[in-house]
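Student: Protein chains in written order, with the working numbering: chain A, 21 to 389; chain B, -13 to 269. Dropping the structure in here first, questions after.
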Amino acid sequence: MSTANRETPPPAAGRAGMKKELPEHFKDYRHVWVFIELERGQVHPVSFELLGEGRKLADKLGVELAGVVLGPPGEATWHAVAEAFAYGADLAYIIEDPLLAHYRNEPFTRAMTDLLNTYKPEILLLGATILGRDLAGSTATTLLTGLTADCTELDVDADGSLAATRPTFGGSLLCTIYTINYRPQMATVRPRVMAMPQRVDKPVGRVIQHKLAMAEEEVVTKILGFLPDSQSAKANLAYANVVVAGGLGLGAVENLQLVRNLASAIGAEYGCSRPLVQKGWMPADRQIGQTGKTIRPKLYIAAGISGAIQHRVGVEGADLIVAINTDPNAPIFDFVHLGIVTDAIRFLPALTEAFTRRLSPHNRDKLAS
Amino acid sequence: MHIVICIKQVPDSAQIRVHPVTNTIMRQGVPTIINPYDLFALEEALRLRDAHGGEVTVLTMGPPMAEDALRKALTYGADRAVLLTDRYFAGSDTLATSFALSQAITKVGETFGTPDIVFTGKQTIDGDTAQVGPGIAKRLDLLQLTYVAKIASIDLDVREITVERRSEGGMQMLKSRLPCLITMLEGTNEIRRGSLDDALRAARSQIVKWSAADAGIEDLAKCGLRGSPTVVKRVFAPTARAEKAAQIDTTDKTLRDLADELIAAILTRQPALEHELPFDGAA
Ligand SMILES: Cc1cc2nc3c(=O)[nH]c(=O)nc-3n(C[C@H](O)[C@H](O)[C@H](O)COP(=O)(O)OP(=O)(O)OC[C@H]3O[C@@H](n4cnc5c(N)ncnc54)[C@H](O)[C@@H]3O)c2cc1C
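Here it is as structure tokens:
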């Protein structure tokens, strides 16, 4: 992805980079790898989403799909390996080492680059999470290979190269990027952009164990502590099945209660557009969109949201999008499935009430408690 | 203490329009700004300088007009600005960008004093990759501390730094060593207004302008398109959804009826939601 300004025409010599004759020493790079992100004993679900996508790429290329598990010695690490098989990996590369108990850039970059240099995959996919981005950037630079961030679509070309499509300019445009002449081809994908694959019942796969060539003394950065986000207050928007969100059209911070009320009536998560975070009306982890969360719920209800491109890219994966907006020409009506042109401030309470009427008494009690 | 901060001039992406026929970005009239994420890093750099003494050098790679962004950074209180500009940099991807910037940082170090900390923003709003910071760190063999929410302490004598860093599910407290590269998280502070003195100084300041050669970059093959392993093959607009949204007709209906109608329409389209939403089935 170009980060420089492209207004000046590139020097003619630069076009030589487009030539697609893979240097000899890259020709034996084969297979698709997915980094299985493991932190505090938990596999990040984005790893499974990537295994689903990696499976398709591997099948098209006629190669194997591998998961890469870096973790401390013990059960959690092996559980991650089993999970990788359950979501489609043919084999797993695993490095067990106490240095990999908690994420630090130095040992993880070393582990990853060692594996890549030793086993030479064609493609490496990572989640565009905090950890994934930290690791991907330093790994790609160490190997001096290409890395395409935040892809929304992955495919392989007729000639076998990875075609990585990502939004650019805040989502106004998409671009397809190739890594020419270098291996591995690396890409990151945000959580919830790819669909979750089916879990296999009796997973099997080969395990290849590797050692970390590093000692604690070589790692400069030390972890002094970890402060978990308090579980209760934390929004799990990305993985919610139903999401209700409010935008600037709600007019005042008090009216956000209407969104929260609807959400709690139907057991949904709630979120918002960016201006509400900027105004301090909602915390940043509730923001949906390009610079917030990507969501993929079965139902998304947007109230008083205009549907700017930066918001759109975060919600497009929803199965059913419903918009409530007073302006029939609001851009949101260009991409939602169901629209209703009405005042959200008046309509949200009616909708909450109508939903509540349909709830079974049992569920009503459960949600109220 | 010498702090170098890398910033980028970006088009204000909220105001970008795409040409309906050619699918290219229409830049005319689109204002440029300092990448908003970089301002958090800049403010942090200024605070550290104010607390510990020293200088803040702001550095950007870009076209000549990127000078505006640097001058703006000077009005906030940066001490010196360096513009790395050369047609050889055009078309740089993140790897080539990190190469050019790291070379320029080395030159800045030789010219104005070795940096103790290199700052970047978390990511840019046009490229959005969050890769240039880690790339620079690797190129310069600096320790990398990304997504830093807070610099808890710096001890210049023993050259130690402790930071709070955002990670999945919580905050990591890390102790590391100087020099290091920090990418700053958003929302960590608020950029200062800048004093009148700074504004006057910024207006008068000479911005240091370096070409690739000035910055001591010998290997031009590592710059621009040639130095970029990734190549943009195709740029296109997202496809519009074929069918328009089905509109619920609101004429002559009570809110209550409208709400029931909307719920019915939702369930017709997504019957599976019956199980997702805690209904008892009967309306
Ligand atoms: C770099 C960058 C990143 C960004 N990232 C994001 C992001 O991640 N997420 C995001 O959401 N935005 C993002 N934005 C901002 C985005 O461009 C829009 O500005 C934002 O989404 C608009 O929010 P909104 O729809 O709530 O407000 P507005 O655009 O002000 O729209 C309000 C809407 O409410 C309607 N309305 C008014 N009154 C009522 C009423 N009583 N009932 C019903 N409807 C009513 C209006 O018709 C209007 O359509 C980003 C912008 C930039 C530059």
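Backbone N, C-alpha and C fix where the C-beta goes; we use that ideal spot for every residue, glycine too.
1. Say whether chain B places a C-beta atom closer than 8 Å to the C-beta of residue 189 of chain A.
2. Whole angstroms is fine: what's the gap from residue 247 of chain A's alpha carbon to residue 157 of chain B's?
3. Taking Cβ positions, are residue 145 of chain B and residue 163 of chain B nearer each other than 8 Å?
4. For residue 226 of chain A, is the classification buried or exposed, using 16 other Cβ atoms within 10 angstroms of its Cβ as the cut-off for buried?
5. Mind the definition here: the stretch 95 to 108 of chain A touches the stretch 61 to 69 of chain A only if three or more C-beta pairs lie below 8 Å; say whether that holds.
6. Who are residue 98 of chain A's beta bridge partners in DSSP?
7. Along the stretch 151 to 170 of chain B, what residues have a CB closer than 7 Å to any CB found in chain A?
8. Should residue 376 of chain A be flagged as near chain B, meaning a C-beta pair shorter than 8 Å?
9. Under 8 Å Cβ to Cβ from residue 43 of chain B, same chain only, skipping five residues before and after it: list those, please.
10. Suppose you measure from the CA of residue 255 of chain B to the CA of residue 340 of chain A; what does that come to, to the nearest Å?
11. Considering only the alpha carbon of each residue, which of B/25, B/-7, B/-2, B/4 lies closest to residue 180 of chain B?
12. Give me the subset of the stretch 211 to 225 of chain B whose CB atoms are less than 7 Å from a CB atom of chain A, sorted by chain position.
13. With 16 other CB atoms within 10 Å as the buried threshold, where does residue 331 of chain A fall?
14. Report the rounded CA-to-CA distance for residue 57 of chain A versus residue 133 of chain B, giving the unit in angstroms.
15. Would you give the residue range spanned by the alpha helix (DSSP H) that residue 152 of chain A belongs to?
16. So the alpha helix (DSSP H) residue 44 of chain B belongs to, where does it begin and stop?
17. Which of the three DSSP states, helix, strand or coil, is assigned to residue 133 of chain B?
18. Beta carbon of residue 342 of chain A, beta carbon of residue 361 of chain A: below 8 Å?
19. Residues of chain B with a CB under 7 Å from the CB of residue 296 of chain A: which are they?
20. Check whether the stretch 254 to 270 of chain A touches the stretch 140 to 154 of chain A, taking contact to mean three or more Cβ pairs, one atom from each stretch, closer than 8 Å.
21. Within 10 angstroms of its Cβ, does residue 108 of chain B collect 16 or more other Cβ (buried), or is it exposed?
22. Where does residue -9 of chain B fall in DSSP's three states?
23. Just to confirm before moving on: does the CB-CB distance between residue 72 of chain A and residue 220 of chain A stay below 8 Å?
24. Please classify residue 331 of chain A: does DSSP put it in a helix, a strand, or coil?
25. Return the chain-ordered list of same chain residues with a C-beta closer than 6 Å to the C-beta of residue 75 of chain A, the five sequence neighbours on each side being excluded.
26. Measure how close the beta-carbons of residue 133 of chain A and residue 90 of chain A come, nearest whole angstrom, since I'm counting them as under 8 Å.
27. According to the neighbour-count rule (16 or more other Cβ atoms, all chains shown, within 10 Å of its Cβ), is residue 7 of chain B buried or exposed?
28. Decide if residue 245 of chain A is buried, meaning its Cβ has at least 16 other Cβ atoms within 10 Å, or exposed.
29. Against chain B, does residue 240 of chain A count as a neighbour if the rule is that its beta carbon must be under 8 Å from one of theirs?
30. From what residue to what residue does the alpha helix (DSSP H) around residue 152 of chain B run?
31. Residue 364 of chain A to residue 328 of chain A, Cα distance in whole Å?
32. Closer than 7 Å to a non-hydrogen atom of ligand 1 - does that hold for the CB of residue 294 of chain A?
33. Helix, strand or coil for residue 281 of chain A per DSSP?
34. Taking its Cβ as the centre, do 16 or more other Cβ atoms sit within 10 Å of residue 32 of chain A, making it buried, or is it exposed?
35. Rounded to whole angstroms, what is the Cα-Cα separation between residue 211 of chain B and residue 130 of chain A?
36. Give a yes or no on whether the minimum CB-CB distance between residue 135 of chain B and chain A is below 8 Å.
Tutor: From the atom records:
1. As a first step, residue 189 of chain A must be located in the first sequence, where it is residue number 169. Yes, contact with chain B.
2. Counted from its first residue, the first sequence places residue 247 of chain A at position 227. Counted from its first residue, the second sequence places residue 157 of chain B at position 171. Going from the Cα of residue 247 of chain A to the Cα of residue 157 of chain B covers about 5 Å.
3. Counting from 1 along the second sequence, the entry for residue 145 of chain B is found at position 159. Counting from 1 along the second sequence, the entry for residue 163 of chain B is found at position 177. The answer is yes: Cβ separation under 8 Å.
4. Start at 1 with the first residue of the first sequence, and residue 226 of chain A comes out as number 206. By the 10 Å Cβ count, residue 226 of chain A comes out exposed.
5. yes
6. Here residue 98 of chain A refers to the residue found at position 78 when the first sequence is read from its first residue. Answer is none; residue 98 of chain A lacks a bridge partner.
7. 152, 153, 154, 155, 156, 157, 158, 159, 160, 161, 162, 163
8. Here residue 376 of chain A refers to the residue found at position 356 when the first sequence is read from its first residue. Nearest CB-CB separation between residue 376 of chain A and chain B: not below the 8 Å threshold.
9. Along the second sequence, read from residue 1 onward, the residue named residue 43 of chain B stands at position 57. Closer than 8 Å at the Cβ level, and outside the excluded window around residue 43 of chain B, lie -12, -11, -10, -9, 64, 65, 66, 67, 68, 94, 98, 101.
10. Locating residue 255 of chain B in the second sequence gives position 269, counting from the first residue. Locating residue 340 of chain A in the first sequence gives position 320, counting from the first residue. So the two alpha carbons sit approximately 8 Å from each other.
11. Residue mapping note: residue 180 of chain B aligns to position 194 of the second sequence, counting from 1. Among B/25, B/-7, B/-2, B/4, the Cα nearest to that of residue 180 of chain B is on B/25.
12. 211, 212, 214, 215, 216, 217, 218, 219, 220, 221, 222, 223, 224
13. Mapped onto the first sequence, residue 331 of chain A falls at position 311. Under this definition residue 331 of chain A is a buried residue.
14. For the purposes of this step, residue 57 of chain A is identified with residue 37 of the first sequence, where counting begins at 1. For the purposes of this step, residue 133 of chain B is identified with residue 147 of the second sequence, where counting begins at 1. Cα to Cα, the separation comes out at about 18 Å.
15. Numbered from 1 along the first sequence, position 132 holds the residue referred to as residue 152 of chain A. Note, residue 152 of chain A: alpha helix (DSSP H), 150 to 163.
16. Indexing the second sequence from 1 puts residue 44 of chain B at position 58. First-last for residue 44 of chain B: 41 to 47, but that is the beta strand (DSSP E), not the alpha helix (DSSP H).
17. As a first step, residue 133 of chain B is located in the second sequence; it is residue number 147 there, counting from the start. Three-state result, residue 133 of chain B: strand.
18. Position 322 of the first sequence, counted from the start, is the residue given in the question as residue 342 of chain A. Position 341 of the first sequence, counted from the start, is the residue given in the question as residue 361 of chain A. Taking 8 Å as the Cβ cut-off, residue 342 of chain A and residue 361 of chain A do not qualify as a contacting pair.
19. As a first step, residue 296 of chain A must be located in the first sequence, where it is residue number 276. Chain B residues near residue 296 of chain A: none, gap ~14 Å exceeds 7 Å.
20. no
21. For the purposes of this step, residue 108 of chain B is taken as the residue at position 122 of the second sequence. By the neighbour-count rule (16 or more Cβ atoms within 10 Å), residue 108 of chain B is buried.
22. Along the second sequence, read from residue 1 onward, the residue named residue -9 of chain B stands at position 5. If DSSP states are grouped into helix, strand and coil, residue -9 of chain B belongs with the strands.
23. The count along the first sequence starts at 1 and reaches residue 72 of chain A at position 52. The count along the first sequence starts at 1 and reaches residue 220 of chain A at position 200. For residue 72 of chain A and residue 220 of chain A, no; Cβs fall outside 8 Å.
24. As a position in the first sequence, residue 331 of chain A is number 311, starting the count at 1. Helix at residue 331 of chain A.
25. Position 55 of the first sequence, counted from the first residue, corresponds to residue 75 of chain A. 85, 108, listed in sequence order.
26. Here residue 133 of chain A corresponds to residue number 113 of the first sequence, with the count starting at 1. Here residue 90 of chain A corresponds to residue number 70 of the first sequence, with the count starting at 1. With a Cβ gap of about 12 Å, residue 133 of chain A and residue 90 of chain A do not count as contacting.
27. Reading the second sequence from its first residue, position 21 is the one you call residue 7 of chain B. Residue 7 of chain B counts as exposed, since fewer than 16 other beta carbons sit within 10 angstroms of its beta carbon.
28. Along the first sequence, one-based indexing puts residue 245 of chain A at 225. Residue 245 of chain A comes out exposed.
29. Counting from 1 along the first sequence, the entry for residue 240 of chain A is found at position 220. Closer than 8 Å: yes.
30. As a position in the second sequence, residue 152 of chain B is number 166, starting the count at 1. Note, residue 152 of chain B: premise wrong, no alpha helix (DSSP H); beta strand (DSSP E) at 146 to 153.
31. Taking the first residue of the first sequence as position 1, residue 364 of chain A is located at position 344. Taking the first residue of the first sequence as position 1, residue 328 of chain A is located at position 308. One C-alpha to the other measures close to 18 Å.
32. What you label residue 294 of chain A is simply residue 274 of the first sequence in a count that begins at 1. Flag set: Cβ of residue 294 of chain A near ligand 1.
33. The residue given as residue 281 of chain A occupies position 261 in the first sequence. Helix at residue 281 of chain A.
34. Here residue 32 of chain A refers to the residue found at position 12 of the first sequence. Confidence in residue 32 of chain A is poor, its pLDDT being 37 and thus under 50, which makes the residue's placement unreliable; the coordinate value appears in the next sentence. That one is exposed.
35. By one-based count along the second sequence, residue 211 of chain B stands at place 225. By one-based count along the first sequence, residue 130 of chain A stands at place 110. Taking the straight line joining both Cα atoms gives about 28 Å.
36. Numbered from its first residue, the second sequence carries residue 135 of chain B at position 149. No - not a single Cβ of chain A is within 8 Å of the one on residue 135 of chain B.
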